[in-house]
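First the structure, in the form of structure tokens, and then the observations on it.
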Amino acid sequence: MADTDEVQWVDIKTMLPAIPYPLSDARPVIKTKRLLLRPVTAADLDDMHALRLQPEVMVWTIQGRPDKDLEETRKVMDRFLPPNDARDFNYAICLGDTGEMVGVGGVRSMEGTLGWPELGYMLRKEAWGKGYASEFVAGFLRAWWSLPRAERAIRVDRDAIVGDDDGPVTHEHLVAITQDGNLGSQNVLRKMGMQPIKKWAVDEDSKPGQKTVLLAFAVKSPVAAA
341 MADTDEVQWV
351 DIKTMLPAIP
361 YPLSDARPVI
371 KTKRLLLRPV
381 TAADLDDMHA
391 LRLQPEVMVW
401 TIQGRPDKDL
411 EETRKVMDRF
421 LPPNDARDFN
431 YAICLGDTGE
441 MVGVGGVRSM
451 EGTLGWPELG
461 YMLRKEAWGK
471 GYASEFVAGF
481 LRAWWSLPRA
491 ERAIRVDRDA
501 IVGDDDGPVT
511 HEHLVAITQD
521 GNLGSQNVLR
531 KMGMQPIKKW
541 AVDEDSKPGQ
551 KTVLLAFAVK
561 SPVAAA
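Under our numbering, think of the first position of the sequence shown as 341, with each following residue one higher.
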């Protein structure tokens, strides 16, 4: 695992999900043992706001603080809704037996911090410690790897390529980034087959003058592992 703030960009060709993604109204619902993953809708605003008001949740985000008001949450939610759903592949995480929304997760950026698509999720604190995060990631990955794909030329951080797969044509990767102290999420990612690839420090937006240490994980596509 690389431990450096330096970035060595490399140009590669790889297979990635075709853009646009399946739109929300045509996006399949994902069912796991206890969860139902469905497209985010405008009606989820109050539940999304309740999630993003929890300091215990937001401390692990880039924002680092709860939303100031409902309007700030609305602006975040707009990224998930039409017409932005064409470039955003996120799901509302709901309990399968009641339909209650307890989180949100997926891939927001096709070209994340390290160049690869980047997985992220948030769960209400009441849903922690129940195995829901692992269940969500497993269900989401099945849907992600099943999306139609097309060849793309992209630029990625060399440290974000697992192993020696750094030729001009590289197997597809998916990345997730956590704060160094977020051991719960790190355990989930390891359980899902992702491995740590890089640690570095960034300025903390919510605390000027302070640094946050980030830890990135990556996994190759099942095709690469076959």
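All residues carry an ideal CB built from backbone N, CA and C; glycine is no exception.
Note that the coordinates shown come from a computational prediction; the quantities given were computed from them, not determined experimentally.
Closest to residue i by CA distance: which of the options is it?
| i | options | result |
| --- | --- | --- |
| Ala590 | Ala366, Arg495 and Ile501 | There is no way to answer for residue 590, as the model of the chain reaches only from 341 to 566. |
| Arg489 | Val347, Arg498 and Thr354 | Thr354 |
| Ile501 | Lys539, Met417, Met388 and Leu454 | Leu454 |
| Phe476 | Met462, Leu487, Ser486 and Glu466 | Met462 |
| Gly471 | Val347, Ser525, Lys415 and Leu363 | Ser525 |
| Lys531 | Gly549, Ala558, Asp543 and Gly521 | Ala558 |
When the Cα atoms are used, what is the spatial distance from residue i to residue j?
| i | j | result |
| --- | --- | --- |
| Ala383 | Ser474 | 26 Å |
| His511 | Met441 | 34 Å |
| Val369 | Phe420 | 15 Å |
| Lys560 | Gly533 | 9 Å |
| Leu410 | Val563 | 42 Å |
| Gly446 | Pro406 | 20 Å |
| Lys539 | Asn527 | 16 Å |
| Val347 | Asp499 | 8 Å |
| Asn424 | Tyr431 | 13 Å |
Where DSSP assigns a beta bridge to residue i, which residues make up the other side?
| i | result |
| --- | --- |
| Thr552 | Val542 |
| Pro423 | Pro423 is not bridged to any residue. |
| Val350 | Val496 |
| Tyr361 | Tyr361 pairs with nothing; no bridge assigned. |
| Ala558 | Val515 and Gln535 |
| Ile402 | In the DSSP output, where bridge partners are listed per residue, Ile402 has none listed. |
Enumerate, from N- to C-terminal direction, the unbroken beta strand (DSSP E) stretches of 3 or more residues contained entirely within the stretch 440 to 526. 441 to 447, 458 to 463, 489 to 497 and 513 to 519
Determine contact between the stretch 430 to 442 and the stretch 360 to 374, defined as no fewer than three beta-carbon pairs at a distance below 8 Å. yes
Hey, is the stretch 514 to 527 in contact with the stretch 536 to 556, meaning 3+ C-beta pairs nearer than 8 Å? yes
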